[in-house]
Amino acid sequence: MAEKIVALKVDVDTHAGTRDGVPILLEDMARFAVSATFYFSLGPDNSGKAIRRIFTRKGFLKKMLRTRAPSAYGLKTMLYGTLLPAPMIGASFPDLLRETERSGHEVGIHCWDHVKWHDYLPWFPKHLTAMELGRAGSLFEEILGHRAETTAAPGWTVSPDSLEVQDAMGLSYCSDGRGTHPFYPVMDGRRFRTLQIPTTMPTADEILGENGVSPENLHEYYLAQIREGLNVLTIHAELEGGIIRSSFVRLLERFRGEGIRCITLGEAAHQVAQVPACQLVMGEIAGRAGKVAIQGEPVP
Ligand SMILES: [Zn+2]
2 MAEKIVALKV DVDTHAGTRD GVPILLEDMA RFAVSATFYF SLGPDNSGKA
52 IRRIFTRKGF LKKMLRTRAP SAYGLKTMLY GTLLPAPMIG ASFPDLLRET
102 ERSGHEVGIH CWDHVKWHDY LPWFPKHLTA MELGRAGSLF EEILGHRAET
152 TAAPGWTVSP DSLEVQDAMG LSYCSDGRGT HPFYPVMDGR RFRTLQIPTT
202 MPTADEILGE NGVSPENLHE YYLAQIREGL NVLTIHAELE GGIIRSSFVR
252 LLERFRGEGI RCITLGEAAH QVAQVPACQL VMGEIAGRAG KVAIQGEPVP
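Numbering-wise (this note's numbering), the sequence shown opens with residue 2 and increments by one.
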């Protein structure tokens, strides 16, 4: 029987999630000797502006209530960029980024401004897309002393321009979308050369509260989903490093019990062979408001 492997991807979206959630995840992962890839948001935390999604995206309010976002993110985070000034994330916690890397994890770029990218990327002129990733890349290099090898798009939001900018950055791979196996993306008829390692499993906020999935049995749901070969699980510093910490610890316990090996996405990228080119399209998935990048049909 082929081995079951889980590549762990950690999205760090907010100032509070960096400050509070990342140290918790580092502690819990160290306990289980597990390594992951942490994608940091490096620029301003404008989470308060995300509140306008309640009015512009169907399903967002329902999701906010279902996942109790206010208790996950805290009231202050919900006001950043509106009533409170947006704090700068990377500049506030350079030692935490370095500590994450020193602890044996891989560190990558999530974004400069999460809310801006997630809400407006399709309307960005190309130079703005390049500027957002460029600013994040410069600060990353300043903090860690080397260039980033990988990026992961906020809210799984991509455009042909963002894929082109990523190609120009000379990255080893990216993890921008949802899908089944690693591939080279083709979007709007344009082919790109940076390997994509898609997230294969749903995120906790997409499934909690649906079909009887609760924080108490979330680990059972995930275990039933894991297939032989490579699986990619995205967790959030704000959730698995916060209000559903105990669910994640139970999952790590079960991984250990069942001999399921956890690796970084970089390790997964090194192991791939025979990578197809596939369509990458923006589409809808269950449990998430708005559109996300989804791996589509193979392209000959
Ligand atoms: Zn994110």
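All C-beta atoms in this analysis are idealised placements derived from N, C-alpha and C, irrespective of residue type, glycine included.
With 16 other CB atoms within 10 Å as the buried threshold, where does residue i fall?
i: Glu28; result: exposed
i: Asp189; result: exposed
i: Gly22; result: buried
i: Trp124; result: exposed
i: Leu98; result: buried
i: Lys127; result: exposed
i: Arg289; result: buried
i: Leu76; result: exposed
i: Pro199; result: buried
i: Glu241; result: buried
i: Ser163; result: buried
The alpha helix (DSSP H) that contains residue i, what's its start and end?
i: His115; result: His115 to Tyr121
i: Lys77; result: Leu76 to Leu80
i: Ile25; result: Val23 to Arg32
i: Met132; result: Lys127 to Leu145
Any heavy atom of ligand 2 closer than 7 angstroms to the Cβ of residue i?
i: Pro126; result: For ligand 2, the structure offers nothing, since it holds only ligand 1.
Mind checking which residues open and close the beta strand (DSSP E) that includes residue i?
i: Leu231; result: Gly230 to His237
i: Gly284; result: Ala278 to Gly284
i: Gln275; result: Segment: none, Gln275 is in no beta strand (DSSP E) and carries neither H nor E.
Can you find a C-beta in chain C that's less than 8 angstroms from the C-beta of residue i?
i: Leu97; result: Looking for chain C here will not work: only one protein chain is present.
If the criterion is Cβ atoms closer than 8 angstroms, does the pair residue i and residue j meet it?
i: Gly291; j: Glu150; result: no
i: Ile236; j: Ile261; result: no
i: Thr38; j: Glu142; result: no
i: Ala3; j: Glu211; result: no
i: Glu239; j: Thr15; result: yes
i: Ser93; j: Leu122; result: no
i: Ile144; j: Pro95; result: yes
i: Lys5; j: Val233; result: no
i: Val293; j: Gly178; result: yes
With distances taken from each beta carbon to the nearest heavy atom of ligand 1, which residues come in below 5 angstroms, in chain order?
Asp12, Asp14 and Pro155
Flag this pair as touching only if the stretch 192-202 and the stretch 166-177 have three or more C-beta atom pairs under 8 angstroms; answer yes or no.
yes
So does the stretch 247-256 actually touch the stretch 12-32, counting three or more Cβ pairs closer than 8 angstroms?
yes
With a threshold of 8 angstroms, are at least 3 pairs of Cβ atoms found where one atom belongs to the stretch 43-52 and the other to the stretch 269-284?
no
Between the stretch 111-122 and the stretch 133-150, are three or more C-beta pairs nearer than 8 angstroms?
yes
So does the stretch 87-94 actually touch the stretch 154-170, counting three or more Cβ pairs closer than 8 angstroms?
no
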